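Colleague: Those letters in the sequence shown? Residues 428 to 476, by our numbering. Glycine residues also receive a C-beta, built at the ideal position from the N, C-alpha and C atoms. In this text, all values refer to a predicted model and were calculated from it rather than measured experimentally.
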Amino acid sequence: MSEVLSQGEVDALLRGVGDGEIETEKDEAPEEVSGVVTYDLTSQEKIIR
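(1) Straight-line CA distance for Thr-451 to Ser-470?
(2) Helix, strand or coil for Gln-471 per DSSP?
(3) Quick one: give me the first and last residue of the alpha helix (DSSP H) that Leu-432 is part of.
(4) Could you compute how far the alpha carbon of Ile-449 sits from the alpha carbon of Ala-439?
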């Protein structure tokens, strides 16, 4: 694809994507990882000296 698109063609493509006329790939949600423990760095439960 060595052709350069005109501004009108770019605008038409962007409108098509925004309106849903042109299908795009869907982002898949990341899989939940079991065994992950969240840690709050602002927590005062344990004091490390």
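Modeller: This is what the structure gives:
(1) On the sequence shown, residue 451 is found 24 positions in, with the first residue counted as 1. On the sequence shown, residue 470 is found 43 positions in, with the first residue counted as 1. Distance between the alpha carbons of Thr-451 and Ser-470: 42 Å.
(2) Within the sequence shown, residue 471 is the residue found at index 44, counting from 1. If DSSP states are grouped into helix, strand and coil, Gln-471 belongs with coil.
(3) For the purposes of this step, residue 432 is taken as the residue at position 5 of the sequence shown. Neither: Leu-432 is in no alpha helix (DSSP H) and is coded neither H nor E.
(4) Within the sequence shown, the letter at position 22 stands for residue 449. Within the sequence shown, the letter at position 12 stands for residue 439. Going from the Cα of Ile-449 to the Cα of Ala-439 covers about 10 Å.
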